[in-house]
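Q:
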Amino acid sequence: MIQLILKRLLTYIPVLLIVVIITFLMIHAAPGGPFDAERVASPEIIEKLNEAYNLDKPLHVQIFNYLYGAIQGDFGPSFKYPGRTVSELIMSGLPTTIELAVYSILFAIFLGVFSGLLASLNPGKFLDVAPMSISLLGICIPSIILGPILVLIFGIWYDFFPVYGWGDNPGDKILPTITLGTAYAAIFARLTRGGMLEILGQDFIRTARAKGLSETRIIFVHALRGGILPVISFLGPAIAGLLAGSFVVETIFQINGIGRFYVQAAFNRDYTMILGTSILFTFMTLTFVLISDILASFLNPTLRDSGGLE
Amino acid sequence: MRFLLVFLILLISCSESTEQKSKVDIYTEKGILLLGNGTEPSGIDPHLVTGVPEHKILLALLEGLVVFNPKNNGVLPGVAEDWNVSDDGLSYTFIFNPDAKWTNGDSVKPEDFAYSWERILSPDLGAQYADMLYVIKNAEKFHKGDIKDFSQVGISITNNKLKVELENPTPYFLNILTHYSTWPVHPETVEKHGGMISRNNQWTRVDNFVGNGPFKLESWEINKALRVSRNDLYWGNSSNKINGIEFIPIDNELTQDRLFRSGGIHLANTVPTEKINRYRDERPDELYEHNYFGTYYYRINTNKYPLNNINFRKALSLAIDRELIVKSILKGNQKISYSFTPPDENGYNPTTKLDFNPIKAKEFLEKSGYDVNNPPLEILYNTSEGHQKIAQAIQEMWKKNLGLNVVLTNVDWKVYLTRETQGEFDISRAGWIGDYPDPFTFLDMMVTNRGNNKTGWSNSEFDNILKNAASQISTSDRYNLYEKAEKILIDELPVIPLYTYTRTYLLSQRVKNWQNNILDTNPYQFLSLE
Numbered sequence: 001m002i003q004l005i006l007k008r009l010l011t012y013i014p015v016l017l018i019v020v021i022i023t024f025l026m027i028h029a030a031p032g033g034p035f036d037a038e039r040v041a042s043p044e045i046i047e048k049l050n051e052a053y054n055l056d057k058p059l060h061v062q063i064f065n066y067l068y069g070a071i072q073g074d075f076g077p078s079f080k081y082p083g084r085t086v087s088e089l090i091m092s093g094l095p096t097t098i099e100l101a102v103y104s105i106l107f108a109i110f111l112g113v114f115s116g117l118l119a120s121l122n123p124g125k126f127l128d129v130a131p132m133s134i135s136l137l138g139i140c141i142p143s144i145i146l147g148p149i150l151v152l153i154f155g156i157w158y159d160f161f162p163v164y165g166w167g168d169n170p171g172d173k174i175l176p177t178i179t180l181g182t183a184y185a186a187i188f189a190r191l192t193r194g195g196m197l198e199i200l201g202q203d204f205i206r207t208a209r210a211k212g213l214s215e216t217r218i219i220f221v222h223a224l225r226g227g228i229l230p231v232i233s234f235l236g237p238a239i240a241g242l243l244a245g246s247f248v249v250e251t252i253f254q255i256n257g258i259g260r261f262y263v264q265a266a267f268n269r270d271y272t273m274i275l276g277t278s279i280l281f282t283f284m285t286l287t288f289v290l291i292s293d294i295l296a297s298f299l300n301p302t303l304r305d306s307g308g309l310e
Numbered sequence: 001m002r003f004l005l006v007f008l009i010l011l012i013s014c015s016e017s018t019e020q021k022s023k024v025d026i027y028t029e030k031g032i033l034l035l036g037n038g039t040e041p042s043g044i045d046p047h048l049v050t051g052v053p054e055h056k057i058l059l060a061l062l063e064g065l066v067v068f069n070p071k072n073n074g075v076l077p078g079v080a081e082d083w084n085v086s087d088d089g090l091s092y093t094f095i096f097n098p099d100a101k102w103t104n105g106d107s108v109k110p111e112d113f114a115y116s117w118e119r120i121l122s123p124d125l126g127a128q129y130a131d132m133l134y135v136i137k138n139a140e141k142f143h144k145g146d147i148k149d150f151s152q153v154g155i156s157i158t159n160n161k162l163k164v165e166l167e168n169p170t171p172y173f174l175n176i177l178t179h180y181s182t183w184p185v186h187p188e189t190v191e192k193h194g195g196m197i198s199r200n201n202q203w204t205r206v207d208n209f210v211g212n213g214p215f216k217l218e219s220w221e222i223n224k225a226l227r228v229s230r231n232d233l234y235w236g237n238s239s240n241k242i243n244g245i246e247f248i249p250i251d252n253e254l255t256q257d258r259l260f261r262s263g264g265i266h267l268a269n270t271v272p273t274e275k276i277n278r279y280r281d282e283r284p285d286e287l288y289e290h291n292y293f294g295t296y297y298y299r300i301n302t303n304k305y306p307l308n309n310i311n312f313r314k315a316l317s318l319a320i321d322r323e324l325i326v327k328s329i330l331k332g333n334q335k336i337s338y339s340f341t342p343p344d345e346n347g348y349n350p351t352t353k354l355d356f357n358p359i360k361a362k363e364f365l366e367k368s369g370y371d372v373n374n375p376p377l378e379i380l381y382n383t384s385e386g387h388q389k390i391a392q393a394i395q396e397m398w399k400k401n402l403g404l405n406v407v408l409t410n411v412d413w414k415v416y417l418t419r420e421t422q423g424e425f426d427i428s429r430a431g432w433i434g435d436y437p438d439p440f441t442f443l444d445m446m447v448t449n450r451g452n453n454k455t456g457w458s459n460s461e462f463d464n465i466l467k468n469a470a471s472q473i474s475t476s477d478r479y480n481l482y483e484k485a486e487k488i489l490i491d492e493l494p495v496i497p498l499y500t501y502t503r504t505y506l507l508s509q510r511v512k513n514w515q516n517n518i519l520d521t522n523p524y525q526f527l528s529l530e
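As structure tokens, then:
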């Protein structure tokens with residue numbers, strides 16, 4: 001198992017390298033540079049700026065310099081924010097973005113698994129149709145619509161929750177968490193329902209019932225373990241998606257995470273910031289997928305031998 | 001079910017707090033202003049930054065030789081308590097206020113300004129606003145590296161006085177000094193944290209920052225808030241009624257609008273267009289709409305056929321119904337442009353005209369000899385719903401009034417800038433906000449080969465008039481010359497002005513002494529909260 005994890009960790013190196021090189025080439029191929037502004041600077045100034053940020057060097061030298069620095073943890077200075085490094089800017093928002101993602105995923109798991117379970121135990125009945133219809137709605141409404149609606153109702157009309165911020169006022173984490181987590185709760189609900197229905201129809205459940213085990217024990221000890229597997233497998237990509245998608249929620253609720261840097265860096269042609277955030281999101285995606293694979297292998301005996309990591 | 005119950009209990013428990021005062025109420029009592037401030041500032045180094053959010057912050061932290069007068073767009077004493085202008089208008093002598101201090105207790109000296117101006121003019125710093133100081137003798141030469149010795153630049157110091165010699169009499173020199181690029185930095189601090197020409201200088205960090213403005217830097221949380229508090233050492237502190245300011249970066253205007261409505265900020269610096277009418281009806285006292293020193297226009301690439309033909313350009317302009325654009329699309333009280341420089345009723349007010357006349361337009365099109373069956377022309381604009389609506393309307397007007405086919409090209413901001421600079425466009429949308437309240441900030445842009453001209457247009461008479469205007473001491477003589485230049489511009493139309501910008505924003509009634517001015521600048525020490 002440990003060997004397999006190490007093997008997976010080794011694959012990080014080529015993946016990250018490819019991401020850096022492709023991103024690097026793409027941002028340099030895009031028209032416009034970091035110092036283009038409406039008020040045109042003279043060619044001499046642009047030359048000086050390029051010199052100051054090593055953009056006057058040939059591309060392969062720039063990539064090499066960047067990689068050399070990145071290996072040592074130096075992701076370079078931000079072009080947009082003079083005097084600040086990319087690492088510093090990322091670290092200023094990363095804890096908030098992670099916290100938002102964790103709360104959202106917990107909310108999504110709790111609500112999704114609960115409604116999926118409820119639906120799977122009442123197939124075809126109201127308690128199946130209602131949560132599944134709502135979940136379809138949850139998948140369909142993007143956070144950019146859901147957020148402002150929640151703010152309007154619970155923030156402005158009824159004044160239950162603050163409409164912006166993160167950790168500044170009591171209750172200000174609730175609306176962003178719901179906004180970001182709802183779509184995933186809906187997906188988890190459908191995955192749980194599907195997984196549970198499949199498991200509940202299997203022979204070992206029938207055997208358990210024949211042996212006279214209590215329904216609660218059958219569901220929570222025997223069925224749920226297998227029924228929740230699709231949710232666990234989806235957890236990695238879901239967390240990665242949440243982190244990358246936090247931009248919208250961070251904007252709606254004025255949260256100081258890194259989602260905004262991720263998107264704005266591309267518009268600003270802030271080369272080092274684009275690379276830094278791309279590396280971070282690639283690393284996190286790989287890591288969360290790995291974690292969810294490890295979890296899945298613990299829950300599914302058929303995957304355990306291979307560690308679920310092949 | 002249990003979850004729902006828990007959720008409801010949570011909701012009810014939270015709702016108990018509804019009787020609490022809003023943040024605006026609480027902060028008003030504390031004397032702290034809460035300002036929605038656009039995007040996260042890229043920095044607070046006056047010689048490196050270029051944007052409006054940065055300007056709003058620097059207005060609190062630093063002070064130049066003079067201070068912008070929000071009531072009449074003029075100037076008030078700042079670090080300089082007085083100044084003398086020579087009869088020929090070529091030299092200014094500033095007498096320093098002995099009470100002007102840096103936040104570390106040092107006095108603000110003329111040497112600090114000399115150091116600061118040397119810094120911004122140093123070619124190695126790569127400052128984008130260095131040309132603001134080109135009016136000073138030899139400043140341009142120093143910045144372009146033609147002279148290396150800064151002592152040759154027209155700045156000298158005697159007896160705690162700063163003498164500035166200019167290239168030409170520049171009656172708006174004092175107005176230029178209200179721009180943050182001319183404001184001072186504390187030399188020892190800048191040297192200590194990276195040196196004069198380092199772009200990676202750490203002097204603007206909270207722990208390092210030394211300023212001389214009415215407020216001092218308290219904290220800076222990226223993407224959250226930058227806080228400043230009253231500077232007790234500021235020479236005018238006794239009349240400052242504001243204890244602190246929180247600049248909140250909000251780049252989404254809908255988020256900002258919700259924040260304003262929920263009592264989270266005193267000022268929302270923009271209003272979503274679709275909500276303007278509602279605010280007019282429901283909260284007229286909080287909605288501010290006033291002229292802004294900016295023009296929205298279409299830039300014409302005069303190097304290209306058929307746009308190199310004056311008659312063709314006239315046809316384009318005559319076929320635009322500006323009133324329709326302003327009334328039906330913008331709906332924000334914008335004024336139709338009849339000149340490139342925005343008019344100022346109390347100052348420069350050009351008499352040029354831009355008519356809407358489809359019949360005349362057709363005549364000029366015929367005169368130009370252009371065949372409308374040629375491949376379509378392109379209107380280039382950066383991604384924005386507002387620009388798109390205007391471009392669509394103009395596309396329709398040109399089709400209807402001239403039979404002209406036009407395609408619209410919507411590109412990302414940086415692509416748009418690159419294409420404009422490299423001349424890869426036919427017609428592009430453009431906007432310009434004046435840096436200081438003088439027509440020169442607009443007209444100078446259209447001088448041959450100026451970086452911001454971008455149209456390829458060149459007219460030696462226009463260039464000469466502007467050169468001549470620069471040496472005029474009398475304002476009325478200068479304005480007359482500007483008007484002549486303006487007439488050439490409107491006659492030849494390398495740019496087609498569409499409307500004069502309006503500043504539209506929301507301001508809590510708790511903020512007092514706010515002045516509507518064309519630069520939308522209100523030094524905070526003149527405001528109060530009630």
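Chains F and S, in that order, are what the protein sequence lines are. If you're matching positions, the first sequence starts at 1 in our numbering and goes up one per residue. If you're matching positions, the second sequence starts at 1 in our numbering and goes up one per residue. Cβ coordinates follow ideal geometry from the N, Cα and C atoms, glycine included.
(1) I'd like to know if Leu527/S contacts chain F, where contact means its C-beta is closer than 8 Å to some C-beta of that chain.
(2) How many Å lie between Ile174/F and Phe161/F at the Cα?
(3) So the candidates are Leu226/S, Ile245/S and Phe215/S; which of them puts its Cα closest to the Cα of Trp235/S?
(4) Could you compute how far the alpha carbon of Asn452/S sits from the alpha carbon of Ala60/S?
(5) Rounded to whole angstroms, what is the Cα-Cα separation between Leu152/F and Asn200/S?
(6) What residues from the segment 238-272 of chain S come within 8 Å of chain F, judged by C-beta to C-beta, listed N to C?
(7) Within the same chain, show all residues whose beta-carbon is closer than 7 Å to that of Gly257/F, passing over the 5 residues directly before and after it, in chain order.
(8) Quick one: what's got a C-beta closer than 6 Å to Glu486/S's C-beta in the same chain, skipping five residues either side?
(9) If distances are taken between C-alpha atoms only, which option among Thr93/S, Gly195/S and Leu125/S comes closest to Ile45/F?
(10) Kindly indicate the opening and closing residues of the beta strand (DSSP E) around Ser239/S.
(11) Can a CB atom of chain F be found closer than 8 Å to the CB of Glu221/S?
(12) Under three-state DSSP, which class holds Ile294/F?
(13) Closest Cβ-Cβ distance between Phe267/F and chain S: below 8 Å?
(14) Note down, in chain order, every chain F residue with its Cβ under 7 Å from the Cβ of Asp124/S.
(15) Quick one: what does DSSP say Leu76/S is sitting in, helix, strand or coil?
(16) Judging by CA-CA distance, which residue of Met273/F, Ser292/F and Ala296/F is the nearest neighbour of Val20/F?
(17) If you compare alpha carbons, which of Ala296/F, Phe288/F and Leu299/F is closest to Pro102/F?
(18) What does a CB cutoff of less than 6 Å around Asn382/S pick up in its chain, not counting 5 residues either side in sequence?
(19) Evaluate the contact criterion for the segment 366-378 of chain S versus the segment 394-412 of chain S: three or more CB pairs, one atom per stretch, below 8 Å.
(20) Indicate whether the contact test is met: 3 or more Cβ pairs, each with one atom in the segment 66-77 of chain S and one in the segment 197-211 of chain S, closer than 8 Å.
(21) Between Thr204/S and chain F, is any beta-carbon pair separated by less than 8 Å?
(22) How big is the Cα-Cα spacing for Gln395/S and Thr409/S?
(23) Tell me whether Val511/S is buried or exposed, calling it buried when 16 or more other Cβ atoms sit within 10 Å of its Cβ.
(24) Excluding sequence positions up to five away, which residues of its chain have a Cβ less than 7 Å from the Cβ of His28/F?
(25) With a Cβ-Cβ cutoff of 8 Å, do Val248/F and Ser143/F count as a contact?
(26) Mind listing which residues of the segment 165-199 of chain F have their C-beta closer than 9 Å to chain S's C-betas, in chain order?
(27) Quick check for students: name the residue ranges of the beta strand (DSSP E) that lie wholly in the segment 448-511 of chain S, counting only runs of 3 or more.
(28) Can you confirm whether the segment 81-89 of chain F touches the segment 30-41 of chain F when touching is taken to mean that 3 or more C-beta pairs between the two stretches lie within less than 8 Å?
(29) Looking at chain S, which residues of the segment 24-38 of chain F have a Cβ within less than 9 Å of any of its Cβ atoms?
(30) Got a sec: is the Cβ-Cβ distance from Glu44/F to anything in chain A below 8 Å?
(31) Using a beta-carbon distance below 8 Å, is Gly116/F in contact with chain S?
(32) Comparing the C-beta of Arg532/S with each C-beta of chain F, is any distance below 8 Å?
(33) For the segment 155-186 of chain S, enumerate the residues whose C-beta is nearer than 9 Å to any C-beta of chain F, in chain order.
(34) Run through chain F and tell me which residues come within less than 9 Å of Lys414/S, C-beta to C-beta.
(35) Please decide whether Gln377/F counts as near chain S, where near means a Cβ-Cβ distance under 8 Å.
(36) Going by DSSP in three states, Ala208/F sits in which element: helix, strand or coil?
A: Put simply:
(1) Leu527/S does not count as touching chain F.
(2) Cα to Cα, Ile174/F sits roughly 8 Å from Phe161/F.
(3) Comparing Cα positions, the closest option is Phe215/S.
(4) Pairing Asn452/S with Ala60/S, the inter-Cα distance amounts to about 30 Å.
(5) One alpha carbon belongs to Leu152/F, the other to Asn200/S, and they sit about 43 Å apart.
(6) Taking 8 Å as the Cβ-Cβ cut-off against chain F, the residues of the segment 238-272 of chain S that qualify are Ile248, Ile250, Asp251, Asn252, Leu254, Thr255, Arg258, Leu259, Arg261, Ser262 and Gly264.
(7) Hits under 7 Å: Gly93, Thr96, Thr97, Leu100, Ser246 and Glu250.
(8) Excluding positions up to five away in sequence, the list reads Ser339, Pro350 and Thr352.
(9) Cα-wise, what sits closest to Ile45/F is Leu125/S.
(10) Neither: Ser239/S is in no beta strand (DSSP E) and is coded neither H nor E.
(11) At a cut-off of 8 Å between beta-carbon atoms, Glu221/S makes contact with chain F.
(12) Of the three classes helix, strand and coil, the one that applies to Ile294/F here is helix, per DSSP.
(13) Chain S, which has a Cβ nearer than 8 Å to the Cβ of Phe267/F, makes this yes.
(14) Under a criterion of Cβ atoms nearer than 7 Å, the residues of chain F adjacent to Asp124/S are, in order, Lys48.
(15) If DSSP states are grouped into helix, strand and coil, Leu76/S belongs with the strands.
(16) With distances taken between CA atoms, Val20/F lies nearest to Met273/F out of Met273/F, Ser292/F and Ala296/F.
(17) Note that residue 102/F corresponds to Val in the displayed sequence, not to Pro. Ranking Ala296/F, Phe288/F and Leu299/F by CA distance to the CA of Val102/F puts Phe288/F first.
(18) The answer, listed in chain order, is Trp413 and Tyr416.
(19) By the Cβ rule, the segment 366-378 of chain S counts as touching the segment 394-412 of chain S, because three or more pairs are nearer than 8 Å.
(20) Taking 8 Å as the limit for Cβ pairs, the verdict is that the segment 197-211 of chain S does not touch the segment 66-77 of chain S.
(21) Yes, Thr204/S counts as interfacial toward chain F.
(22) Cα to Cα, Gln395/S sits roughly 12 Å from Thr409/S.
(23) Val511/S comes out buried.
(24) The answer, listed in chain order, is Leu59.
(25) Contact flag set, yes.
(26) Going along the segment 165-199 of chain F in chain order, one finds Gly165, Trp166, Asp168, Asn169, Pro170, Gly171 and Ile174 with a Cβ nearer than 9 Å to chain S.
(27) You should have 495-507.
(28) They do not touch, by the three-pair rule.
(29) So the close ones are Ala30, Pro31, Gly32, Gly33, Pro34, Phe35, Asp36, Ala37 and Glu38.
(30) This model lacks chain A altogether, as its protein chains are F and S.
(31) Proximity of Gly116/F to chain S, defined by a Cβ-Cβ separation below 8 Å, is not satisfied.
(32) Past the edges of chain S, shown from 1 to 530, lies residue 532/S, and the structure says nothing about it.
(33) Taking 9 Å as the Cβ-Cβ cut-off against chain F, none of the residues of the segment 155-186 of chain S qualify.
(34) Within 9 Å Cβ-Cβ: Ala30, Pro31, Gly32, Gly33, Pro34, Asp36, Phe267, Asn268 and Arg269.
(35) Residue 377/F cannot be examined here, being either before or after the span of chain F that is shown, 1 to 310.
(36) Residue state for Ala208/F is assigned as helix, using DSSP reduced to three classes.
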